[in-house]
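Peer 1: This is the structure I want to talk about, given as structure tokens.
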Amino acid sequence: MPKISIAVFVSGGGTNLQTIIDHIEKDNIDGEIKIILSSKENAYALERGKKHGIEGCYIGKKNYPDLKERSRKITEILKEKKIDLIVLAGFMSILDKEIVQMYKNRIINVHPSLIPSFCGKGYYGEKVHEAVLSYGVKVTGATVHFVDEGTDTGPVILQKAVQVKADDTVASLSKRVLAVEHEILPLAVELFCEGKLEVIGRRVTLENEI
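Laid out in structure tokens, this is it:
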């Protein structure tokens, strides 16, 4: 069986990207990252890819100001690389709905909360953790989900909880949630590449799940 061809979309430092690279190099993931697409020109994630011999490309507002043109270029690259799976690993840009439709149940995103809490428009990065602390909840976590045309509304693949401590700050909480992201994102990619995920309505069933 040929390996699953993966495109990873990034905007920042790329620690989630690094976990996927590490798992591939350990043969835990039966896939290959064919391209890293960044919405930020100087994202360190591109440098991470370069260190592992992975092609990277900047496609953002600076070189493609028009969203449709940007989406056309992204689609062109995805087709050229024969991409099977898109992973959004800290990607802070908008995906055109045509790409979402073209890759239905083949786009995975990681979000730093337990969806459906603290998600949707306006909830990204540190803003999520600020909201968690402000609200006073006792448990937060991370979610990996398939992407649909909404914001953080696609079927949930994996979740893992993180206890909120009384003395937590945004920095301390985000660090622990990120560690959980580093666990469940590569696992979700691994399960996808092994064909162990099935979407039935809003539910994602895992092979052998009871």
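Numbering (full-length UniProt numbering), first residue to last: 1 to 210.
A virtual CB, placed ideally from N, CA and C, is assigned to each residue, including glycine.
Computed from a predicted model, the values in this text were never measured in an experiment.
Roughly how many angstroms separate the alpha carbons of T15 and A179, rounded to a whole number?
Peer 2: Position 15 of the sequence shown, counting from 1, holds the residue named residue 15. Position 179 of the sequence shown, counting from 1, holds the residue named residue 179. The alpha-carbon atoms of T15 and A179 are separated by roughly 10 Å.
Peer 1: Write down the C-beta distance between T140 and Q159 rounded to the nearest angstrom, noting that I regard them as a contact closer than 8 Å.
Peer 2: The residue given as residue 140 occupies position 140 in the sequence shown. The residue given as residue 159 occupies position 159 in the sequence shown. About 11 Å; that fails the 8 Å criterion.
Peer 1: If I follow the unbroken alpha helix (DSSP H) through K175, where does it start and stop?
Peer 2: As a position in the sequence shown, residue 175 is number 175, starting the count at 1. Segment V170 to C193, the alpha helix (DSSP H) holding K175.
Peer 1: By a C-beta neighbour count over all protein chains shown, 10 Å radius and 16 as the cutoff for buried, is A43 buried or exposed?
Peer 2: Along the sequence shown, read from residue 1 onward, the residue named residue 43 stands at position 43. By the neighbour-count rule (16 or more Cβ atoms within 10 Å), A43 is buried.
Peer 1: Less than 8 Å between the beta carbons of I33 and I54, yes or no?
Peer 2: One-based indexing of the sequence shown puts residue 33 at position 33. One-based indexing of the sequence shown puts residue 54 at position 54. Yes, the pair counts as a contact, with Cβ atoms nearer than the cut-off.
Peer 1: Measuring CB atoms only, is the stretch 145 to 155 touching the stretch 119 to 135, in the sense that at least three cross pairs come out at less than 8 Å?
Peer 2: The stretch 145 to 155 vs the stretch 119 to 135: in contact.
Peer 1: So, under 8 Å CB-CB, I86 and I107 are touching, yes? Tell me the CB distance rounded to an integer number of Å.
Peer 2: Working through the sequence shown from its first residue, we reach residue 86 at position 86. Working through the sequence shown from its first residue, we reach residue 107 at position 107. Contact flag correct, Cβ pair sits at about 4 Å.
Peer 1: Please go through the same chain and pick out, in chain order, the residues whose beta-carbon is closer than 7 Å to the beta-carbon of G56, but skip the five residues on each side of it.
Peer 2: Looking up residue 56 in the sequence shown gives position 56. Closer than 7 Å at Cβ, skipping near neighbours: I36, S38, L46, G49 and K50.
Peer 1: Run through the stretch 8 to 62 for me and flag every whole alpha helix (DSSP H) of 4 or more residues, listed as ranges in chain order.
Peer 2: With a minimum length of 4 residues, the continuous alpha helix (DSSP H) runs that stay inside the stretch 8 to 62 are 15 to 25 and 44 to 51.
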